[in-house]
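One gets our numbering by counting positions in the sequence shown from 1 and adding 5 to each.
Encoded as structure tokens, the structure appears first; notes follow it.
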Amino acid sequence: LDIKCIWGGTLVGVLLKNDATASGECDKRTIKIIGVHGWLDNLNSLLPLAKQLIDRHPTYEIYLYDRAGHGFSSHLPKGVDYSPTQNMQDLRTVIRSLGWNKEKYAIIGHSYGASLGIRYAASYRDEVIRSVSIDAIPRSECSPENYFESYGPLIDDIIAFHSTPARTFEA
């Protein structure tokens, strides 16, 4: 399940679910989880954990993806920075493409992915029910109160700007 991004590239991912959940045999509500890998890694670092979670919890549906420049995903174009903001835009694009922004979901992140998951969960509190962090890398540019209040709307504004067709001017 590959996802197109606003910068023109593709993020490669895999959606894991139990056969009972996929066929609708399960009576319980599906719990959606997105997994975000760490720095210089790829989705395979979370794959064994995701498979165990699916085996133990048939109602889980887990999407793992390779962040830009990692695994089989596209590299960012020249001049585009691999910044926390860029990674947040990509994570938001993934979640919106899956349609999960209309419901509740959890995030599991490792290393850099854990920090990204914490930042994302704090920015989109109405959507994220839980954030699980494995070996998180701490980072903060300003106080959490000010930072997280404005980060979610900033990401949505950036995506909206890049999703708007370019204006053309005639001479």
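By construction, the Cβ of each residue, glycine as well, lies at the ideal position given by its N, Cα and C atoms.
As assigned by DSSP and simplified to three states, the class of residue i
| i | result |
| --- | --- |
| E108 | coil |
| I36 | strand |
| T138 | Note that residue 138 is Ser in the sequence shown here, rather than Thr. S138 falls in the strand class under three-state DSSP. |
| T15 | strand |
| K83 | coil |
| Y125 | helix |
| G76 | coil |
| L58 | helix |
| H115 | strand |
Beta-carbon gap between residue i and residue j smaller than 8 angstroms
| i | j | result |
| --- | --- | --- |
| Q94 | I164 | yes |
| V137 | I39 | no |
| H75 | H42 | yes |
| S116 | V17 | no |
| A119 | R135 | no |
| K37 | E108 | yes |
| I11 | S155 | no |
Distance between residue j and residue i (C-alpha atoms, nearest Å)
| i | j | result |
| --- | --- | --- |
| N23 | R172 | 46 angstroms |
| P158 | R97 | 11 angstroms |
| P53 | I160 | 31 angstroms |
| V19 | P89 | 23 angstroms |
| I113 | G122 | 7 angstroms |
| A126 | E175 | 44 angstroms |
| F166 | S102 | 17 angstroms |
| P170 | W105 | 25 angstroms |
| L21 | E66 | 6 angstroms |
| L6 | T15 | 10 angstroms |
| Y87 | I8 | 18 angstroms |
| P82 | D162 | 21 angstroms |
| I139 | W44 | 13 angstroms |
| R124 | A141 | 11 angstroms |
| G84 | G13 | 13 angstroms |
Below-8 angstroms beta-carbon distance, residue i vs any chain B residue
| i | result |
| --- | --- |
| Q94 | No chain B appears in the structure shown, which is made up of a single protein chain. |
At least three beta-carbon pairs within less than 8 angstroms, the segment 57-71 to the segment 126-140: no
Do three or more CB pairs link the segment 45-57 to the segment 68-82 at distances below 8 angstroms? yes
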